[in-house]
Amino acid sequence: MALAARIHGTDKAVMMAGYRVLAGLSPAYQPVVLAIMNAPSPLAHMNLYVANLPQRILEMRVSKPALPMLDSAIHA
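Read in order, the letters of the sequence shown are residues 20 to 95 in the working numbering.
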């Protein structure tokens, strides 16, 4: 949702991204996404949410990618 906010910069983009991720989230995280989607301005709410994230989360290093590279089997 933050990426949609950054790239598109519209309320609609943030809401549509929320709809796409909502089904895959655990019930514990769904209220957060719904609060952003149902806000009067989802874009502003998302920007405020990201601005208030702790710095340690923003700088978090991933030890292993979540998804394998799509072209890893292609060797030129």
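Even for Gly, the Cβ is constructed at its ideal location relative to N, Cα and C.
No experiment lies behind these values; they were computed from the predicted model shown.
Kindly give me the distance between the Cβ atoms of residue i and residue j, rounded to whole angstroms, as I take these residues to be in contact under 8 Å.
i, j, result
"I76", "M65", "The Cβ separation is near 15 Å, so there is no contact."
"L62", "V33", "5 Å"
Would you tell me roughly how many angstroms separate the C-alpha atoms of residue i and residue j, rounded to the nearest one?
i, j, result
"Y38", "I26", "17 Å"
"A24", "D30", "8 Å"
"L41", "Q74", "25 Å"
"L22", "M35", "12 Å"
"N57", "Q49", "12 Å"
"R80", "L72", "15 Å"
"V69", "S82", "22 Å"
"G43", "S60", "23 Å"
Taking only three categories from DSSP, how would you classify residue i?
i, result
"L57", "Strictly speaking, residue 57 in this sequence is Asn, with Leu absent from that position. Coil, per DSSP."
"I76", "helix"
"N66", "helix"
"G28", "coil"
"A95", "Here the model assigns A95 a pLDDT of 47, short of 50, so the residue's position is not dependable, and the following value carries that caveat. Looking at A95 - three-state DSSP - the assignment turns out to be coil, as it is neither helix nor strand."
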